[in-house]
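Using the UniProt record's numbering, you'd call the opening residue of the sequence shown number 1 and step up by one each time.
See below for the structure under consideration.
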Amino acid sequence: MTNPGHDEDDDQVIILGADDSDKGADGLDDDLSVTDLVEQPAKVMRIGTMIKQLLEEVRAAPLDDASRSRLREIHATSIRELEDGLAPELREELERLALPFNEDTIPSDAELRIAQAQLVGWLEGLFHGIQTALFAQQMAARAQLQQMRKGALPPGLSVPAQGGGSGTGQYL
């Protein structure tokens, strides 16, 4: 009996090989691995950690005009620095999603929280994508190794010699 709205295929994991498709689900060329799209991973991780910490600070306490203005500057600088660590495809995506604040007005606490949360969410999605790509690579390598082992003899067996008996009896 199946549940309505539950597709049995949802539980399957499908790993595409290099020849299975030209483009991945994200629309990026499969020739570029997700891990290749982050040119400076250490820098992206540092900035991501800083942005997450800033989001916690913005949530924790009310901010005055000076601190909101400073956070607007930090947000813009963080995005510029992140873009330096990303390949052009991800840089373009980040530019489309992370719209700049209005320079004429100081953003509200809520605007800062939303912008920071959006950026943290995007970075977490990026990190999950990298983890998923690494997991898929490990699974593909494991499957390839198992395929190679199928062609080899199991441990303990050897190729029979050309002459002599059958060697199937036990030796006492």
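Positions of the beta carbon are idealized from the N, C-alpha and C atoms, including for glycine.
Because the structure is a prediction, the values reported are computed rather than measured.
Which of the three DSSP states is assigned to residue i in this structure?
{"i": "L86", "result": "strand"}
{"i": "D105", "result": "Strictly speaking, residue 105 in this sequence is Thr, with Asp absent from that position. Reduced to three states, the DSSP call for T105 is coil."}
{"i": "A98", "result": "coil"}
Between which two residues does the alpha helix (DSSP H) carrying residue i extend?
{"i": "Q116", "result": "D109 to G151"}
In terms of alpha-carbon separation, which member of the options lies closest to residue i?
{"i": "E92", "options": "M45, F135 and W122", "result": "W122"}
{"i": "R96", "options": "T105, S108, E83 and P107", "result": "E83"}
{"i": "P88", "options": "F127, Q40 and Q118", "result": "Q40"}
{"i": "A76", "options": "A61, I51, Q138 and G151", "result": "I51"}
{"i": "Q116", "options": "L90, H128 and P100", "result": "P100"}
{"i": "R72", "options": "T49, A98 and L90", "result": "A98"}
{"i": "N102", "options": "R68, E57, A141 and M148", "result": "R68"}
Using a Cβ cut-off of 8 Å (strictly closer), state whether residue i contacts chain D.
{"i": "G125", "result": "The displayed structure is made up of one protein chain only, and chain D is not part of it."}
Item checked: 4-residue-minimum alpha helix (DSSP H) runs that sit fully inside the region 29 to 72, ordered along the chain -> For the region 29 to 72, whole alpha helix (DSSP H) runs of length 4 or above, ordered along the chain, are 41 to 60.
Next item on the list: Pair every Cβ in the region 109 to 120 with every Cβ in the region 34 to 46, then say whether three or more of these pairs are closer than 8 Å.
Entry: Of all C-beta pairs linking the region 109 to 120 to the region 34 to 46, fewer than three are shorter than 8 Å, placing the two stretches out of contact.
Notebook entry, point to check: How about the region 129 to 142 and the region 45 to 52: do they share at least three Cβ pairs that are nearer than 8 Å?
Noted result: Judged by Cβ distances under 8 Å, the region 129 to 142 makes no contact with the region 45 to 52, as fewer than three pairs qualify.
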